[in-house]
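K.L.:
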Amino acid sequence: MLSVFTAQHGAPRNGRCLRRGIIWGVLWGIVALVGGSTPTRADDDNNYRAQIFVGNADGSDLKRLVHLPEYQSQGSPCWSQDGRFIAFDATRSQLGQQFFDGHLIVVNADGTNPRDLGPGILPSLSPKGNRVAYCRHPNIGAPGVYITDLSDPDNAGLVDEKGWGAEWSPDGTRLAYTRDKNLQIFDLIEGTSTPVLDVDQSGISQIHWNFCWSSDSRRIAFKGTTTDEKEVLAIANVDGENQKVHIVFEGNLGPAVTWHPVQNEILIERYLETPSGFPSLFRVNLDRPGEAVRMPSRPVDRRLRNAAFSPDGKRLAVSVFRREQGDE
Numbered sequence: 001m002l003s004v005f006t007a008q009h010g011a012p013r014n015g016r017c018l019r020r021g022i023i024w025g026v027l028w029g030i031v032a033l034v035g036g037s038t039p040t041r042a043d044d045d046n047n048y049r050a051q052i053f054v055g056n057a058d059g060s061d062l063k064r065l066v067h068l069p070e071y072q073s074q075g076s077p078c079w080s081q082d083g084r085f086i087a088f089d090a091t092r093s094q095l096g097q098q099f100f101d102g103h104l105i106v107v108n109a110d111g112t113n114p115r116d117l118g119p120g121i122l123p124s125l126s127p128k129g130n131r132v133a134y135c136r137h138p139n140i141g142a143p144g145v146y147i148t149d150l151s152d153p154d155n156a157g158l159v160d161e162k163g164w165g166a167e168w169s170p171d172g173t174r175l176a177y178t179r180d181k182n183l184q185i186f187d188l189i190e191g192t193s194t195p196v197l198d199v200d201q202s203g204i205s206q207i208h209w210n211f212c213w214s215s216d217s218r219r220i221a222f223k224g225t226t227t228d229e230k231e232v233l234a235i236a237n238v239d240g241e242n243q244k245v246h247i248v249f250e251g252n253l254g255p256a257v258t259w260h261p262v263q264n265e266i267l268i269e270r271y272l273e274t275p276s277g278f279p280s281l282f283r284v285n286l287d288r289p290g291e292a293v294r295m296p297s298r299p300v301d302r303r304l305r306n307a308a309f310s311p312d313g314k315r316l317a318v319s320v321f322r323r324e325q326g327d328e
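Start counting the sequence shown at 1; every next residue gets the next number (this note's numbering).
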């Protein structure tokens with residue numbers, strides 16, 4: 001059962017879920033009596049737009065993380081640094097909801113105990129998984145970057161009303177997010193925010209969300225758009241000693257970037273010339289910048305994006321989309 005926190009007490013609405021289950025049971029029984037058919041678990045498993053799957057780091061042996069048929073679109077997975085939890089955002093796309101209408105879902109890494117924390121998108125878990133940073137869009141309330149405790153998700157604290165796309169540093173001391181075409185570093189101990197780049201000298205005109213930290217919490221990799229309108233995979237130092245942006249790869253890229261915690265490589269989304277225009281996952285070895293190698297394991301019936309490595313680098317959480325005819 002999916003635990004849902006109420007706006008007043010932060011407790012699971014198990015009674016409400018039970019009443020809702022009874023109502024739906026009666027409705028489906030009526031459908032069956034008049035000649036309809038009752039949807040099965042298999043029907044739900046095959047009726048989705050995007051779901052979170054977990055498998056090996058090369059994309060093989062993918063299995064659905066958790067069964068939440070009410071949320072047919074799921075994305076932006078992230079792990080806690082201890083590997084115990086996975087968070088993602090989810091929408092009821094079958095009801096016309098858009099990405100910005102999403103809810104925050106946190107689940108044990110084995111798929112048990114899913115919890116709906118309420119409205120929010122682009123989650124990033126603290127190292128031990130006790131707190132989560134996330135974003136709100138004006139469609140779902142006061143916008144900005146927030147932090148909340150998983151045990152009391154209704155009492156969220158605002159970090160920056162103009163921030164977007166927060167990512168918790170692996171050492172747990174800082175948040176990174178974008179604001180005004182720059183990366184901001186929020187010091188969780190001092191409560192101060194500092195820009196990373198000299199925007200007049202960096203050559204970057206836009207930084208896209210779903211960037212990532214290096215495992216030593218000293219660098220951030222991101223998809224950027226340059227002042228001459230090129231899309232690049234770039235790396236910026238965040239220790240204050242060298243603000244120069246290093247361009248690693250140039251191409252038609254998707255926004256999601258994930259840094260392997262052990263190997264010296266970054267996983268990117270790259271668009272290919274296909275009828276669907278859907279990106280594929282590629283590995284970029286930082287010892288050989290400028291080269292991108294496509295992920296070896298590619299399911300024939302599904303498409304992968306929004307990937308996140310587990311803290312030990314052995315597992316991959318990824319948003320799996322149903323493949324359409326003409327996809328590569």
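Backbone N, C-alpha and C fix where the C-beta goes; we use that ideal spot for every residue, glycine too.
Looking at the secondary structure, which residues open and close the beta strand (DSSP E) in which T226 lies?
P.N.:
R219 to T226 is the extent of the beta strand (DSSP E) around T226.
K.L.:
Identify the residues that DSSP records as bridge partners of I147: which are they?
P.N.:
DSSP output for I147 lists A133 and G157 as bridge partner(s).
K.L.:
Along the chain, which unbroken stretches of the beta strand (DSSP E) at least 3 residues long are found entirely within the region 34–116?
P.N.:
Listed in chain order, the complete beta strand (DSSP E) runs (minimum 3 residues) inside the region 34–116 are 50–56, 73–79, 85–91 and 103–108.
K.L.:
Could you tell me the distance, in whole angstroms, from the CA atom of N108 to the CA atom of F249?
P.N.:
Going by the C-alpha atoms only, they are around 34 Å apart.
K.L.:
Just verifying my parser: in three-state terms, what is the DSSP assignment at N139?
P.N.:
Correct three-state label for N139: helix.
K.L.:
Going by C-alpha distance, which of V257, L62, L281 and L253 is nearest W213?
P.N.:
Taking only the C-alpha atoms, the option nearest W213 is V257.
K.L.:
Just verifying my parser: in three-state terms, what is the DSSP assignment at I189?
P.N.:
DSSP places I189 in coil when its eight states are reduced to three.
K.L.:
Apart from the five residues just before and just after G331, which ones in its own chain have a Cβ nearer than 7 Å to its Cβ?
P.N.:
Here the chain has residues from 1 to 328 only, and residue 331 is not among them.
K.L.:
Following the continuous beta strand (DSSP E) through Q201, name the residue where it begins and the one where it ends.
P.N.:
No beta strand (DSSP E) holds Q201; DSSP gives it neither H nor E.
K.L.:
Alpha carbon to alpha carbon, how far is L33 from H260?
P.N.:
With a pLDDT of 33 at L33, under the threshold of 50, the modelled position of that residue is not reliable, and the figure given next carries that caveat. Each residue's alpha carbon lies about 53 Å from the other.
K.L.:
Would R283 pass as a contact of E265 if the rule is Cβ separation under 7 Å?
P.N.:
Yes; because the gap between Cβ atoms is below 7 Å, this pair is in contact.
K.L.:
Count the other CB atoms within 10 Å of the CB of R294; is the residue buried (16 or more) or exposed (fewer)?
P.N.:
R294 should be labelled exposed.
K.L.:
In this structure, how does DSSP classify G21 when only helix, strand and coil are distinguished?
P.N.:
Only weak support is given to the placement of G21: the predicted model assigns it a pLDDT of 41, under 50, and the question is left unresolved by the model.
K.L.:
If you reduce the DSSP assignment to three classes, tell me which class W209 lands in.
P.N.:
Three-state DSSP puts W209 in coil, outside helix and strand.
K.L.:
In angstroms, rounded to a whole number, what distance separates the CA positions of R305 and G144?
P.N.:
Between R305 and G144, the C-alpha separation is close to 25 Å.
K.L.:
Take Y48 and list the residues in its own chain whose beta-carbon comes closer than 6 Å to its own, dropping the five residues that flank it on each side.
P.N.:
Excluding sequence neighbours, Y48 sits near Q72.
K.L.:
My understanding is that I204 touches T178, with C-beta atoms under 8 Å, so please give their C-beta distance in whole angstroms.
P.N.:
Not quite, the Cβ-Cβ distance comes to about 11 Å (not below 8 Å), so this is no contact.
K.L.:
List the DSSP bridge partners of A317.
P.N.:
Note: A317 sits in a beta bridge opposite V54 and A308.
K.L.:
Could you compute how far the alpha carbon of H103 sits from the alpha carbon of D116?
P.N.:
Answer to the nearest angstrom: the Cα atoms are 7 Å apart.
K.L.:
What first and last residue would you give for the beta strand (DSSP E) that runs through L281?
P.N.:
L281 -> beta strand (DSSP E) spans P279 to N285.
K.L.:
Which of the three DSSP states, helix, strand or coil, is assigned to H260?
P.N.:
In this structure, H260 counts as coil in the three-state DSSP scheme.
K.L.:
Just the C-alpha distance for T40 and P299, rounded to the nearest angstrom, thanks.
P.N.:
With a pLDDT of 42 at T40, under the threshold of 50, the modelled position of that residue is not reliable, and no figure is offered here.
K.L.:
Using beta-carbon positions only, say whether A166 and V132 come within less than 7 Å of one another.
P.N.:
Contact: no.
K.L.:
What does DSSP give as the partner residue(s) for A292 in the beta ladder?
P.N.:
According to DSSP, which records beta bridges pairwise, A292 is partnered with nothing at all.
K.L.:
Cα-Cα, which of V199, I147, P195 and P279 is closest to N130?
P.N.:
When each option's Cα is compared against that of N130, the closest is I147.
K.L.:
Give the straight-line distance between the Cα atoms of N252 and K223, rounded to the nearest whole angstrom.
P.N.:
Answer to the nearest angstrom: the Cα atoms are 10 Å apart.
K.L.:
Could you pull the start and end residues of the beta strand (DSSP E) that P127 belongs to?
P.N.:
From DSSP, P127 is part of no beta strand (DSSP E); its letter is neither H nor E.
K.L.:
Name the one or two DSSP bridge partners that P195 has.
P.N.:
Q184, per the DSSP bridge assignment.
K.L.:
Tell me the DSSP secondary structure of E229 in three-state form.
P.N.:
E229: coil per DSSP, three-state reduction.
K.L.:
Assign S319 to buried or exposed, taking buried as 16 or more other Cβ atoms, counted over all protein chains shown, within 10 Å of its Cβ.
P.N.:
Burial call: buried.
K.L.:
Taking the continuous beta strand (DSSP E) assigned at E178, which residues delimit it?
P.N.:
Note that residue 178 is Thr in the sequence shown here, rather than Glu. It spans R174 to R179 - the beta strand (DSSP E) in which T178 sits, taken as one unbroken run.
K.L.:
Might you give, ordered along the chain, the residues of its own chain that have their beta carbon closer than 6 Å to the beta carbon of D61, omitting 5 neighbours on each side?
P.N.:
Taken in chain order, the residues that qualify are G55.
K.L.:
Please work out which residues of its chain come closer than 6 Å, Cβ to Cβ, to I30, disregarding the five sequence neighbours upstream and downstream, and give them in chain order.
P.N.:
With a pLDDT of 32 at I30, under the threshold of 50, the predicted position of this residue should be treated as unreliable, though the coordinate-derived value follows. Within the same chain, I30 has no close Cβ partners at all.
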